[in-house]
Each structure stands twice: as structure tokens, then as C-alpha cells.
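J.:
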């Protein structure tokens, strides 16, 4: 068990900076997820913590000790790889005990640890099989078992669920969470799947182009994104971004989306945005669930407008509706019984209490 | 694929043209189709392998003039000759020593080449393959000059160190050393290229997993590289053992079996006895002795390959 700290960590490949000065503090027992699109530097960061990649600059500390030049085997970490990386010629038990055998642990202790880990992961029956005889999900469990028996300071997961089908992925996600609740080892988990990040993490680190965009709990990232990138990356379907500008009408602040559509801002929002220059190019960020069907008793701050739907996608518990606002594609989520049909006009309601206002140039959330 | 096609054909046929013949029925059987598809290869093997093999068995049972059937007479005659047992011994020494060194050198060099980055690696690979692509008869001639006792580069170089001159091809030990050396030089690139391919097929993540598990350099080779390569190692070794055991050109050109027949292998001795001394039945008899020895080696090595094939 240990905390992990990254101080201005940089990774350069020839002229390209893959990781551009990352600062990150991971507390003991914490489950941290690094998430971002491919090429954002998240895997490189994980591999630098593991010691599989040298760092070009900065410091990495595990348990308070700088480990920049410590080889992977001496960092007391365990890693689960995307393609499991099980030794094909060894049985499940041999795979799990390999690290302990190399360190010359007593046989009895090795056996006890392997048995315990196998019980925890529900793979006791598979212990004498070779990896080839296992399904993808079982291999993933064995890979986790190999990490658990070592009882390391830190677990590192490199996109461990990417090779599984959708159903198994959901199942294994829950398994990983359960395992972490039991063993409480500090965990760094890399994924490109924001749902995995949201569901697993104590805190999520959103990365983009080698930098950290935002660090926060899943709820913080969802409700208070710091940048347009985070706002667009977290949440599915993604947040809508609609060009807009602020204007004063009869002493009240309102937001204009199109020539036809403009809404008065609710008082709390008006106070917050009042100081902004009126002519700046702004972007309204609104999540699909805050664009719903209109009904008779609307709460304050919810404004309605009429539009014509392009496409509807019935999902069962909800229906996604797609329409355009002056060329900008917008998605809303309506009740399946609200009567949304392709090509039909519909009155929608926008919840401005949950709106975000972004600077178009900098992408910062205002 | 073939299965599917045949099955579909059968279904389609049942409705209409049942009358039209036994040929179609026969073709409908998977095994019949398979037989006809492999027939060209079977014919080739019969023509080029089975016929000569049986013919040499037949030859081996004749007397020197090839006029009388003598049964196993040639074999019992061979067993009594000291030279025959020396050839057996030298063939084994030659094949085993050469294969071991080829495998070792191939393995080590493959690791070096594997660690050379990108474009440079292609150049090195090309250069290191040169011994293997030169016709061995030609390259062995060059070696023959290098081994010349009076004018050779080897002895000239050694003279600066006060060593020699060494009778490279005139002394039993050095002659055996020389033929093995040339065979290793010629054959190591084959091992290199096979091992390099095998190395490239080992996923990097296995090494990374091993590095995190605490394996040092040697343990990574022992627990990851070697187990992942063992099928290739087994097949390459078997293949090379057969080819080396049956070697002809290197010994023929360098020593012609000398001095005093001490470097003869089965092939060169069979040539000398059968062609040069005009005792074709005895020559055939000598060459037949390679079969049981190689068969035993093949069974042992390939048995392991099938066993391991199921797990990897």
C-alpha cells in the first residue's frame, strides 16, 4: 500500500512530447482512472509509473521514494495488460505464482496466496488449466490474480477490458470494483472508455494531447467540467455545443441561440454571466438529458422552443431525438411516450439551470 | 473450406440428378475429393522418393556385379569393416557438434540482431545470410584455399603469433574441426533466420510482465523466450540434423573423406564405395543406414512438437 506522486513528468520520443509535464498525487487506497482518446499519453504515463518506459524529465514517487531509475521488478507494483500477457506454457497456478517463485517465497506461502486469490476471483476450478483453455473473461481474472498474489504497493491496469465483449466488460467492471473494495490496494487504471472511468474511479484524470485536462470525482467531471474537451468527452451521448451570444433585453440578461430562439437566463446564471462582454463568441453547453419534451408545469429556468426533428432513436427507456439549430446538430433525450417521430415538429424544453457557457476560442468553461 | 463445398454440393444434388452416375457419387465423398486433390503430390513423392528408396533397398541386396541376390550379405559385410564404424562415429560427431554450434550461434546472433533497431536490422540480416545463399560448393572452395597448409591466410596469420603451420586438412583432429567449422559457417544463418522469426513472434508484453514479475535477463530467456520458441527450436534442430547428417559437398570438396577416411560421412563414403569403387550395392547399403538413425531422431523430436502444439 502506498501513495503515488508524479512531479512534472515529461516523456519525449525524439522530437515529439507524448507526455507534457504531468503533476498528479494519488492517495493510498485510491482508485484513479486515467482516461482520454488514443494518443493522449495515458498509457505512456502508466508505463512510466511501471518503469517500462524511462521518463525524460520530472520525478515519479511511490510510497515517498523517487523511483525514476528503479527497475520495474523493484518498484513493488503489479500490472494487468490489455491482452493479459499470460505465459502460455504455464498453468493458471504457475502463472499466478511466477513472481513469488522468482523471489523464492516458501512453497506453503505461495500455495496459500494463490489459493486465496483464486477464491477471491472465483477461478479455483481453473487452477490447473493452461491459458489457451480459458475464455477471455477467465484469462482476465487470471491476469488479475497474478497481480493480487504479489500483494504489491500499486496495481496498474492498462485497458484491461478492451479485448472483452460488451456484456463481459460490464461484468468484469463490477468484478474489478469488488476486488478493489476487498484488497484496497492503490490502483491506477487506464482506459479510453469514459463509462469505465466514471463507474470505477474514486477520481478520474482526463488527459488530452499529453496534458491533464481535469482531475475530479466522476460527478465533478460530469457536472462541473473545466474545459470543452472534458465536457464533450464525459457523458454519452455527448454534451451539445451550440454557438450563442449574450444580450440585454429590458434590463434582463438573455442568451440568443438563433434569430428565432433566445431565452432569459435564470437569476443565478444571470448573476454569474453578467460580467461577461456582450459581443464575445460563446458556446452553450447543454447535455441531452436537459433537452426534454415540454409539458404543462415547467419549473423556473426551463424554457421551451419549437423545432423539427431529423431523426429519432428509440432506446426503450428513453428516445434520443436529433435536430439542427442553424446547422448545429443537437441531441435531446425525451420520454418514449412523448410522441417523437422522424421529421415531425416537436416542442422541447431546455433546462437552463444546468447549462454551461464556454469561451469559443479558449474552450474554457465560464 | 473443402468440407463446406462438398456438403453443399451433396444437398443440391439430392433433388435432381441422382441417376447420373457413380462417378458423381464417388466425387461426393470427402476422402475421394481429397485424394484427387493431393494426387499430383502423391505421384511426385512416389516418383522421387518411394521409387528410389525401394530401388536402393533392392540394390543393396545384390552382389558387386549386380548379378546375384545375396540377401543381407552386404550388411553383414559392412558390420565387419572398421571403416564403417568409424563413419558411423564421425557422422554422429559431425552432425551433433555442428548442429549444437549452429543452434547456439544462431540463437545468440538472433538476439543481437533482434535488438538492432529498424532499418539497420535489415542490413545486418541481409549480410548475415550471405554464407547461406552462396552455393556451398563455391564457398567450400574458398575455405579450401584458406586451409591450405603452405600458402593459406590462416597459417600466414598464425605465423605472426608463432603458431603453426597447422596441417588443417592433413591431421585427423584438424580435418574434423575444419569440416565442422565450414558446416557451422554455412548453416548458422538458417538458425539465425528461424530464431529471429520466432523471437519476433513473442509478444513484448510477456517480457514486460516478466520484468514486473521480477525476472532478470537470464530468467526472461529461460522462462519466456525458450518456452515460446521450443517448437521452432525442435523443428529447426531436426531439420538441420537431417541435412547435416546427410552432408556431402563440404566433406567431398575439403577432404574427400581423408585423412585415412577419418572425415567420411555416410554420403561421402557411400559415394566413394558405390561410385568410385564401383560397388553400387554396397554404396546403397551404406546410404540406407542413415534412415533408421534419422527416423529415431525425428520421432523423438516431433513427438514433443505435437504434444506442445496443443498448449501454445
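Protein chains in written order, with this note's numbering: chain P, 1 to 366; chain L, 1001 to 1312. From the three backbone atoms N, C-alpha and C, an ideal C-beta is built for every residue, glycine too. Since we're looking at a predicted model, the values are computed, not measured.
Leaving out five residues on either side along the sequence, give the residues of the same chain with a beta carbon under 6 Å from the beta carbon of residue 242(P).
T.: 257, 284, 325 and 328
J.: From the DSSP secondary-structure annotation, give me the bridge partner or partners of residue 187(P).
T.: 31(P) and 155(P)
J.: Going residue by residue through the region 264-290 of chain P, where are the continuous beta strand (DSSP E) segments of at least 3 residues, counting only ones entirely within it?
T.: 282-286
J.: Could you name each continuous alpha helix (DSSP H) segment of 4 residues or more that falls completely within the region 59-124 of chain P, going from the start of the chain to the end?
T.: 92-102 and 107-121
J.: Name the two residues that bound the continuous alpha helix (DSSP H) containing residue 220(P).
T.: 218-223
J.: What does a CB cutoff of less than 7 Å around residue 1124(L) pick up in its chain, not counting 5 residues either side in sequence?
T.: 1113 and 1116
J.: If you count every other CB in all the chains shown that lies within 10 Å of the CB of residue 1241(L), and 16 or more means buried, which is it?
T.: buried
J.: Assuming contact is defined by CB atoms lying nearer than 9 Å, are residue 131(P) and residue 144(P) in contact in what I supplied?
T.: The answer is no: Cβ separation not under 9 Å.
J.: Mind pulling the chain P residues with CB within less than 8 Å of residue 1206(L)?
T.: Those are 85 and 87, listed as they occur along chain P.
J.: Return the residue from the list 1217(L), 1141(L) and 1201(L) that minimises the CA-CA distance to residue 1186(L).
T.: 1141(L)
J.: In angstroms, rounded to a whole number, what distance separates the CA positions of residue 216(P) and residue 52(P)?
T.: 27 Å
J.: At the 9 Å Cβ level, is residue 11(P) part of the contact set with chain L, yes or no?
T.: no
J.: Could you please give me the residues that DSSP links to residue 323(P) through a beta bridge?
T.: 330(P)
J.: Beta-carbon within less than 6 Å of residue 1154(L)'s beta-carbon, same chain only, minus the 5 sequence neighbours each way: which residues are those?
T.: 1146
J.: Tell me, please, whether the CB atom of residue 1223(L) is closer than 9 Å to any CB atom in chain P?
T.: yes
J.: Does residue 1300(L) pass the burial test, meaning 16 or more other C-beta atoms within 10 Å, or should it be called exposed?
T.: exposed
J.: Can you pull the chain L residues whose beta carbon is under 8 Å from the beta carbon of residue 161(P), in chain order?
T.: Here the premise fails: no neighbours, minimum Cβ distance about 16 Å.
J.: Can you pull out the residues from the region 1207-1218 of chain L whose beta carbon lies closer than 7 Å to at least one beta carbon of chain P?
T.: 1208, 1209, 1211, 1212, 1213, 1214 and 1215
J.: Any residues in the region 80-114 of chain P with a beta carbon nearer than 7 Å to a beta carbon of chain L? Which ones, in chain order?
T.: 81, 83, 85, 87, 88, 89, 98, 99, 102 and 103
J.: Let me make sure I understand the geometry here. Which of 1162(L), 1136(L), 1167(L) and 1138(L) has the alpha-carbon closest to that of residue 1151(L)?
T.: 1167(L)
J.: For residue 1227(L), return the contacting residues in chain P, with the cut-off set at a CB-CB distance below 7 Å.
T.: Simply 89.
J.: Quick one: which chain P residues come within Cβ less than 8 Å of residue 1117(L)?
T.: Neighbours of residue 1117(L) on chain P: none; closest Cβ ~12 Å, over 8 Å.
J.: Quick check on DSSP: helix, strand or coil for residue 8(P)?
T.: strand
J.: Which whole-angstrom value describes the C-beta separation of residue 1091(L) and residue 1265(L), a residue pair presumed to lie in contact below a C-beta threshold of 8 Å?
T.: 5 Å
J.: Is there a Cβ of chain P sitting closer than 9 Å to that of residue 1203(L), yes or no?
T.: At least one beta carbon of chain P lies nearer than 9 Å to the beta carbon of residue 1203(L).
J.: In angstroms with no decimal places, state the Cα-to-Cα distance between residue 1031(L) and residue 1190(L).
T.: So the two alpha carbons sit approximately 37 Å from each other.
J.: Tell whether a beta-carbon distance below 9 Å holds between residue 234(P) and residue 183(P).
T.: no
J.: Would you identify the three-state DSSP class for residue 240(P), choosing helix, strand or coil?
T.: strand
J.: When you compare only the Cα positions, how much space is there between residue 1072(L) and residue 1061(L)?
T.: 6 Å
J.: Are there 16 or more other CB atoms within 10 angstroms of the CB of residue 277(P), so buried, or fewer, so exposed?
T.: It is exposed - the Cβ of residue 277(P) has fewer than 16 other Cβ atoms within 10 Å.
J.: For the region 60-72 of chain P against the region 1164-1181 of chain L, do three or more pairs of beta-carbon atoms, one drawn from each stretch, fall closer than 8 Å, so that the two count as touching?
T.: no
J.: Tell me the DSSP secondary structure of residue 346(P) in three-state form.
T.: In the structure shown, residue 346(P) adopts extended strand secondary structure according to DSSP, grouped into three states.
J.: Pull up the distance between the alpha-carbon of residue 197(P) and that of residue 34(P), whole angstroms please.
T.: 7 Å
J.: Find the residues of chain L that neighbour residue 454(P), judging by a C-beta separation of less than 7 Å, and give them in chain order.
T.: The displayed coordinates of chain P run from 1 to 366. Any statement about residue 454(P) would go beyond what the structure contains.
J.: On the three-pair Cβ rule with 8 Å, is the region 307-321 of chain P touching the region 268-276 of chain P?
T.: No: the two stretches stay apart, fewer than three of their Cβ pairs being nearer than 8 Å.
J.: Which residue marks the beginning of the alpha helix (DSSP H) containing residue 1208(L), and which one marks its end?
T.: 1204-1213
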